[in-house]
Amino acid sequence: MTGPPGGLVNGMPPYGLPYGPPAGSPYGPPASPPHGPPARDKWVLPVVIIAVCTAAVVALAVILFTGVVRFGTPRVSGLATASKIDVRRKPVDKKARFSGSEQRIYCCARVRAFEDTVIEARWYLGSSQVGGYSSRFGSLTRTSTGRFITAGGDVAFFLDRPPGGWLGGDYQVRVYLDAKRVAKAAFSIKQREGDSGLSYYRDPAGVFSVGVPYGWAAADESTLDGALAGFLGPSGDYPPRFVVVSTDYTSVDPAYLNGILSQDGTTAPSEQFQAYSLGESPGARREFEWDYLSGEETLKLRSVQVVVQAKDGKVYGLNCHSKALDFKSNLPVFNSIINSFR
1 MTGPPGGLVN GMPPYGLPYG PPAGSPYGPP ASPPHGPPAR DKWVLPVVII
51 AVCTAAVVAL AVILFTGVVR FGTPRVSGLA TASKIDVRRK PVDKKARFSG
101 SEQRIYCCAR VRAFEDTVIE ARWYLGSSQV GGYSSRFGSL TRTSTGRFIT
151 AGGDVAFFLD RPPGGWLGGD YQVRVYLDAK RVAKAAFSIK QREGDSGLSY
201 YRDPAGVFSV GVPYGWAAAD ESTLDGALAG FLGPSGDYPP RFVVVSTDYT
251 SVDPAYLNGI LSQDGTTAPS EQFQAYSLGE SPGARREFEW DYLSGEETLK
301 LRSVQVVVQA KDGKVYGLNC HSKALDFKSN LPVFNSIINS FR
């Protein structure tokens, strides 16, 4: 049916609309563009921001807790020596002079460090090291700080009385943080008599004399096995000891002595003789380890052996030894004995 002029159908525009066909239809105006970006695009920027922030936080945590970046400088303060400490590892009786009756001497300090900082104490008598200990700060103080920030704590190291007894003299303890020396403290142990800490044994024949540390006792003659004299330290399940022996050597020249050792199968350079003098008397010295069967137990022992030409022209030997584990702490005492030989 043909509609009225103007495209009206029963007086109304086609499609029942007052203003023509709907927008977007083939006969109507173009559809209006959408207002703003699609809904999914609204979340892109916030997601990116959250991801970047999360990555930054994770990276910072990794850097801090792996120790790449650290805050604070390790340091030591209040270093002191004492013969007693309390449960907090603080000194009870700070002092720098000891009588020689102490069983243990402590070094106490306040330390600020990272959990994995290595703290080390080295003990010296004169220039000879007589003890040492090292550990991580966290283990010493039972402190857990992570690896990126320092924490404070009290630490205490100690030096035990050697089995042969204290040797009087001037001592020093040096403290290191990660192998760098940061503090030191000096102290002394009283000489009990004279200036050597030794009494003197004199050979009945008048050929030699040798110093004996206080507290050491003469060995039973039945155990000397031909030695001219022998003495034992005051403590330990196997006390340190030394003997003086007469030898068959005709010279103290190291080449001659090492030739004899090589014939016996000893060729290790670390166990060979080196030139060594006692006052005006020429001699030679070496150190070596050996096994000793004590009952059913085999002990690892370490010896320092010195041969010296005495005033009668004969060559005598001084042999000092202890358990290998105790040798380092006993060495200053052994050196004092050896150097007293006349």
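For what it's worth, this note's numbering labels the leading residue of the sequence shown as 1, then goes sequentially. Positions of the beta carbon are idealized from the N, C-alpha and C atoms, including for glycine. For clarity, every value in this text was computed on a predicted model and none was experimentally measured.
Asked	Found
Beta-carbon gap between V155 and L177 smaller than 8 angstroms	no
Neighbourhood of S347 by C-beta distance below 8 angstroms, restricted to the same chain and skipping five residues each side	No answer is possible for residue 347: it lies beyond the span of the chain, which begins at 1 and ends at 342.
Range of the contiguous beta strand (DSSP E) that encloses Q172	169-177
Under the three-state DSSP convention, the category K84 falls into	coil
Distance, D203 Cα to E221 Cα	15 angstroms
L278 (DSSP reduced to helix, strand or coil)	strand
Beta-carbon spacing of F158, R97 below 8 angstroms	no
Meets three-Cβ-pair contact criterion under 8 angstroms: the region 248-266 and the region 322-342	no
Assigned secondary structure, K328 (DSSP; H/G/I helix, E/B strand, else coil)	helix
Segment contact, 8 angstroms Cβ cut-off, at least three pairs: the region 103-114 with the region 297-314	no
Residue from E296, S281, Y316, Y200 with nearest C-alpha to T247	Y316
Same chain only: Cβ atoms within 6 angstroms of D170, ignoring 5 sequence neighbours per side	S188
Reduced DSSP secondary structure (H/G/I, E/B, other) of V92	coil
Supposed contact pair V308 and L261 - C-beta distance, whole angstroms, cut 8 angstroms	No, L261 and V308 are not in contact; Cβ-Cβ is about 17 angstroms, not under 8 angstroms.
Buried or exposed (CB count within 10 angstroms, at least 16 for buried), Q263	exposed
Identity of the residues DSSP links to N319 by a beta bridge	V243, Q305
Endpoints, the alpha helix (DSSP H) within which A255 is located	254-263
As assigned by DSSP and simplified to three states, the class of G138	helix
L224 and V210 closer than 8 angstroms at C-beta	no
Cα-Cα separation, N335 to P240	13 angstroms
C-beta atoms of W216 and G233 nearer than 8 angstroms	yes
Span of the beta strand (DSSP E) around W216	Run containing W216: none; DSSP gives neither H nor E here.
Per-residue DSSP class, three states only, for T54	helix
Cβ-Cβ distance between D93 and S83 below 8 angstroms	yes
Option nearest T272 by Cα separation, candidates T250, S294, V306, S281	Residue identity differs from the one stated: residue 272 is Gln in this sequence, not Thr. Taking only the C-alpha atoms, the option nearest Q272 is V306.
Supposed close pair R198, S340 - CB separation, criterion 8 angstroms	It is worth fixing the name first, because residue 198 is Leu in this sequence and not Arg. Indeed they touch by this definition, with Cβ atoms about 6 angstroms apart.
As assigned by DSSP and simplified to three states, the class of S251	coil
For W290, the three-state DSSP class (helix, strand or coil)	strand
Check: S251 C-beta below 7 angstroms from any heavy atom of the ligand ADP	With respect to the ligand ADP, the structure offers nothing, as it holds no ligand at all.
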